[in-house]
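Chemist: All residue numbers for the sequence shown refer to my numbering, where the first residue is -17 and numbers rise by one.
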Amino acid sequence: MSPVIRPRRLRTTPAMRRLVAETSLEPRHLVLPMFVADGIDEPVPISSMPGVVQHTMDSLRGAAAEAVAAGVGGLMLFGVPRAEDKDATGSGADAEDGILNRALRTLADDLGDSTVLMADTCLDEFTDHGHCGVVDGRGRVDNDETLERYVSMSLAQARAGAHLLGPSGMMDGQVATIRAALDAEGFTDTGILAYAAKYASAFYGPFREAVGSSLQGDRRTYQQDAANRLEALREVRLDLEEGADIVMVKPAMSYLDIVRDVAEMSDVPVAAYQISGEYSMISAAAERGWIDRDAAILESLTGIRRAGASIVLTYWAAEVAQRLS
Ligand code: PBG
C-alpha cells in the first residue's frame, strides 16, 4: 500500500509551524503613516479610523518616538493645514513654515537617523479644491505645472530632513523631475519612494476625513482604473527607469495580484500601502464582534507580505511592532 502523503505533519505544533513558515512579519517591515495638523491644541480623533488621530506637534513627537522604540521601519508624515491656509496651488506644501515641513524638521531633530523619515509629496492636503495638483481653466489637473509645484515641495521636504519623499499624485514624469531637482541641489542621498501603481479607490474614504480634504469629484484622470493590470506594470516600469528607489502599490488588499506582479519585475524594494479604508473595514467588523481583531490584522499584513511586499505601510505599524517584539 502506498503511504498516505500527510502535509498536516508540518502543522502539528506551534513550533513546527514556526519552523516552516514561509513569510515573516517583523517590526522593520512596517511603516507608520501619521497625520499632523496645524492650529489644534489637542489631538483630534478621526472618527472613521478609530485609534488614529490628527496629531499636534507635541503628540506627534511622542507617538513617533514610541513607534520608533517599538522598532517600526519608518514613519510617513502627512500634513493637515488649517482650512483658511489652503489655496489653489497648495502654497502650504512648500512653505518652510508649512505644517508638514515644520513637522519633518522637528522629527528629524528628535530622531536623527534612528528611523527612516518619509513625507507624502502631494498637494491634495494643501489645495482648496482638494486635487493632487494644479487645476487649469477647464478644471483639469495640469501635469507639467503640477510637476513644478512637486519640485518645490520636494526640495522643501529634503531641506527639512526627510530621508524618503513619497510622490503620490500620479503625475507623469514626477519621479524623474523630482530626482533631477534633488540632485541639482545636492540632495543626492534623499530617496524617492514612488507611489508607482496607485489606483482610484473607494477605500481612501476615511483618509479624506483624516486630512480634512475638500475634494469634490474624483481623481480618475490621474489615478488608475481598478480594472487594469498592464497599466500598473507600465507605471512601475516608468518609475524604475526614472530612478525610483522603492516602488509602491496602493491600496494593498484589493490589489495583491499587482503587488505580486510588481515584486517579480522590480529590482528595487516593493512597498504596499494598507490604506485608511482597509484599516476602517477591519476595525468596524472587529468592533461589532464579527471578526477577531488582532488575528485579522496579522493575517492581512502577512497576506500583503506573502504577495511580495517587503515594506508595508499600515496604521497598525506601531501596535503590531510592539506585539511582535
Ligand atoms: C495623496 C494620498 C492619499 C492617500 C495617501 N496619499 C489620498 C488619495 O490619493 O486620494 C491615501 C491614504 C489612505 O487612504 O490611507 N496625498
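Glycine included, every Cβ here is placed at the ideal spot set by N, Cα and C.
Here the structure is a predicted model, which is why all the values come from computation and not from measurement.
1. So for PHE17, helix, strand or coil by DSSP?
2. Is VAL26 helix, strand or coil by DSSP?
3. Per DSSP, which residues does HIS37 bridge with? Please list them.
4. In angstroms with no decimal places, state the Cα-to-Cα distance between GLY53 and LEU238.
5. Residues in its own chain within less than 7 Å of GLU127 by CB, not counting five upstream and five downstream?
6. What's the call for SER183, buried or exposed, on a 16-neighbour Cβ count within 10 Å?
7. For the pair the segment -13 to 2 and the segment 20 to 31, tell me if three or more CB-CB distances fall below 8 Å.
8. Using only the alpha-carbon positions, how far apart do LEU339 and GLY121 sit?
9. Does the beta-carbon distance from VAL294 to GLN256 come in below 8 Å?
10. DSSP on VAL54, reduced to helix/strand/coil?
11. Starting from ASP102, trace the beta strand (DSSP E) in both directions and tell me its first and last residue.
12. Beta-carbon separation of ASP95 and ARG43 under 8 Å?
13. Rounded to whole angstroms, what is the Cα-Cα separation between ARG(-12) and GLU213?
14. Taking buried to mean at least 16 other C-beta atoms within 10 Å of its own C-beta, is MET247 buried or exposed?
15. Alpha carbon to alpha carbon, how far is VAL241 from GLU8? Give it in angstroms, no decimals.
16. Go to TYR132, then tell me how far its alpha helix (DSSP H) extends in each direction, as first and last residue.
17. Measuring alpha carbon to alpha carbon, tell me which of ARG(-7), CYS104 and PRO233 ends up nearest ASN125.
18. Classify GLY151 as buried or exposed, calling it buried when 16 or more other Cβ atoms lie within 10 Å of its own Cβ.
19. Do the CB positions of LEU308 and ALA299 come within less than 8 Å of each other?
20. Are ALA162 and VAL229 closer than 8 Å when you measure CB to CB?
21. Are HIS113 and ASP102 close, meaning C-beta to C-beta below 8 Å?
22. Check for me: the beta strand (DSSP E) holding TYR255 runs from which residue to which?
23. Find the nearest neighbour of THR203 within the set PHE189, TYR181, SER196 and ALA158, judged by alpha-carbon distance.
Modeler: The short version:
1. Counting from 1 along the sequence shown, the entry for residue 17 is found at position 35. The answer is strand: DSSP assigns PHE17 an E or B state.
2. The count along the sequence shown starts at 1 and reaches residue 26 at position 44. For VAL26, the secondary structure class from DSSP, reduced to helix, strand or coil, is strand.
3. Translated into positions along the sequence shown, residue 37 becomes position 55. Partner(s): VAL18.
4. Taking the first residue of the sequence shown as position 1, residue 53 is located at position 71. Taking the first residue of the sequence shown as position 1, residue 238 is located at position 256. Straight across, the Cα-Cα distance linking GLY53 with LEU238 is about 25 Å.
5. Reading the sequence shown from its first residue, position 145 is the one you call residue 127. Excluding residues within five positions, the ones whose Cβ falls inside 7 Å are VAL116.
6. What you label residue 183 is simply residue 201 of the sequence shown in a count that begins at 1. Buried is the call here.
7. Verdict: no, contact absent.
8. Examination of residue 339 is not possible in this model, given that the chain is present from -17 through 307 alone.
9. On the sequence shown, residue 294 is found 312 positions in, with the first residue counted as 1. On the sequence shown, residue 256 is found 274 positions in, with the first residue counted as 1. Yes, these two residues count as a Cβ contact at 8 Å.
10. Here residue 54 is taken as the residue at index 72 of the sequence shown, counted from 1. It is coil, neither helix nor strand.
11. The residue labelled residue 102 in the question sits at position 120 within the sequence shown. That run of the beta strand (DSSP E) goes 98 to 103.
12. For this step, residue 95 is matched to residue 113 along the sequence shown. For this step, residue 43 is matched to residue 61 along the sequence shown. Not in contact: ASP95 and ARG43 (Cβ atoms no closer than 8 Å).
13. Within the sequence shown, numbered from 1, the residue matching residue -12 stands at position 6. Within the sequence shown, numbered from 1, the residue matching residue 213 stands at position 231. Near 42 Å, if we compare the C-alpha coordinates of GLU213 and ARG(-12).
14. What you label residue 247 is simply residue 265 of the sequence shown in a count that begins at 1. Exposed, by the Cβ-count rule.
15. Mapped onto the sequence shown, residue 8 falls at position 26. Mapped onto the sequence shown, residue 241 falls at position 259. So the alpha carbons of these two residues sit roughly 19 Å apart.
16. Taking the sequence shown and counting its residues from 1, one reaches residue 132 at position 150. For TYR132, the enclosing alpha helix (DSSP H) starts and ends at 125 to 142.
17. For this step, residue 125 is matched to residue 143 along the sequence shown. From the listed residues ARG(-7), CYS104 and PRO233, the smallest Cα separation to ASN125 is found for CYS104.
18. Numbered from its first residue, the sequence shown carries residue 151 at position 169. Flag for GLY151 reads buried.
19. Missing from the structure shown is residue 308; the chain here goes from -17 to 307 and no further.
20. Taking the sequence shown and counting its residues from 1, the one referred to as residue 162 is at position 180. Taking the sequence shown and counting its residues from 1, the one referred to as residue 229 is at position 247. The answer is no: Cβ separation not under 8 Å.
21. Numbered from its first residue, the sequence shown carries residue 113 at position 131. Numbered from its first residue, the sequence shown carries residue 102 at position 120. By the CB criterion at 8 Å, HIS113 and ASP102 fall outside the cutoff.
22. What you label residue 255 is simply residue 273 of the sequence shown in a count that begins at 1. Segment 252 to 255, the beta strand (DSSP E) holding TYR255.
23. Working through the sequence shown from its first residue, we reach residue 203 at position 221. Closest by alpha carbon: TYR181.
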